[in-house]
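Asks: Got a structure for you, written out below as structure tokens; questions coming shortly.
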Amino acid sequence: QLQASGGGSVQAGGSLKLSCAAPSRYFSIAIMGWYRQVPGKPRELVATRAHSGHTNYADSVQGRFTISRDRAKNTLDLQMSNLKPEDTAVYYCKADFTRHGGDVHWGQGTQVTVSS
Numbered sequence: 430q431l432q433a434s435g436g437g438s439v440q441a442g443g444s445l446k447l448s449c450a451a452p453s454r455y456f457s458i459a460i461m462g463w464y465r466q467v468p469g470k471p472r473e474l475v476a477t478r479a480h481s482g483h484t485n486y487a488d489s490v491q492g493r494f495t496i497s498r499d500r501a502k503n504t505l506d507l508q509m510s511n512l513k514p515e516d517t518a519v520y521y522c523k524a525d526f527t528r529h530g531g532d533v534h535w536g537q538g539t540q541v542t543v544s545s
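First residue of the sequence shown: 430, per our numbering; consecutive thereafter.
The structure is reproduced here in structure tokens:
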């Protein structure tokens, strides 16, 4: 149900935009978010957006990344700017329904590679 796209390779200081297509009803209920993972490390939170519109960011991306919803396209977008080599990871989108007794849905990952 979640389809991520937009990954790629970029030099440090560059920008990328990730998109996660989801059913519109997800945005009305779930806490939507982006997470990332590098080999050998746990998956970590990047940013989340609640159905209220409230957003939350990891300290490491605060001020550089922006999470938003595109209502016309039914996507959860992550605009990434001033990218750093340490942002290199596989990025995953997530829909969390646990507050409503549901489960967690993950999209497939999309690779982001930032070269110095």
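We put the beta carbon where it would ideally sit given N, CA and C, even for glycine.
Looking only at C-alpha atoms, which of 508, 456, 469 and 535 sits nearest to residue 483?
Replies: For the purposes of this step, residue 483 is taken as residue 54 along the sequence shown, with counting starting at 1. Nearest C-alpha to residue 483: 456.
Asks: What do you reckon, are the CB atoms on residue 543 and residue 507 nearer than 8 Å?
Replies: If you number the sequence shown from 1, residue 543 lands on position 114. If you number the sequence shown from 1, residue 507 lands on position 78. Cβ distance not < 8 Å, so residue 543 and residue 507 don't count as in contact.
Asks: Could you tell me which residues DSSP pairs with residue 462 in its beta bridges?
Replies: The residue labelled residue 462 in the question sits at position 33 within the sequence shown. Paired residue(s): 477 and 523.
Asks: Measuring CA to CA, which of 504, 480, 536 and 513 is closest to residue 528?
Replies: Indexing the sequence shown from 1 puts residue 528 at position 99. Nearest C-alpha to residue 528: 480.
Asks: Is residue 532 helix, strand or coil when you go by DSSP?
Replies: Stepping through the sequence shown from its first residue, residue 532 is reached at position 103. Coil, per DSSP.
Asks: Assuming residue 505 and residue 449 make a contact with CB atoms under 8 Å, what is their CB distance in whole Å?
Replies: Sequence index remark: in the sequence shown, residue 505 carries index 76 (1-based). Sequence index remark: in the sequence shown, residue 449 carries index 20 (1-based). With 8 Å as the limit, residue 505 and residue 449 qualify as a contact, their Cβ atoms being about 4 Å apart.
Asks: Counting only the same chain and skipping the five closest in sequence on each side, list residues whose C-beta sits under 7 Å from that of residue 430.
Replies: Stepping through the sequence shown from its first residue, residue 430 is reached at position 1. Answer for residue 430: 451, 452 and 534, listed in chain order.
Asks: Return the bridge partner residues of residue 505 from the DSSP annotation.
Replies: Numbered from its first residue, the sequence shown carries residue 505 at position 76. In the DSSP output, where bridge partners are listed per residue, residue 505 has 449 and 498.
Asks: Do residue 521 and residue 433 count as a contact pair if the criterion is CB distance below 8 Å?
Replies: Taking the sequence shown and counting its residues from 1, the one referred to as residue 433 is at position 4. Taking the sequence shown and counting its residues from 1, the one referred to as residue 521 is at position 92. Yes; because the gap between Cβ atoms is below 8 Å, this pair is in contact.
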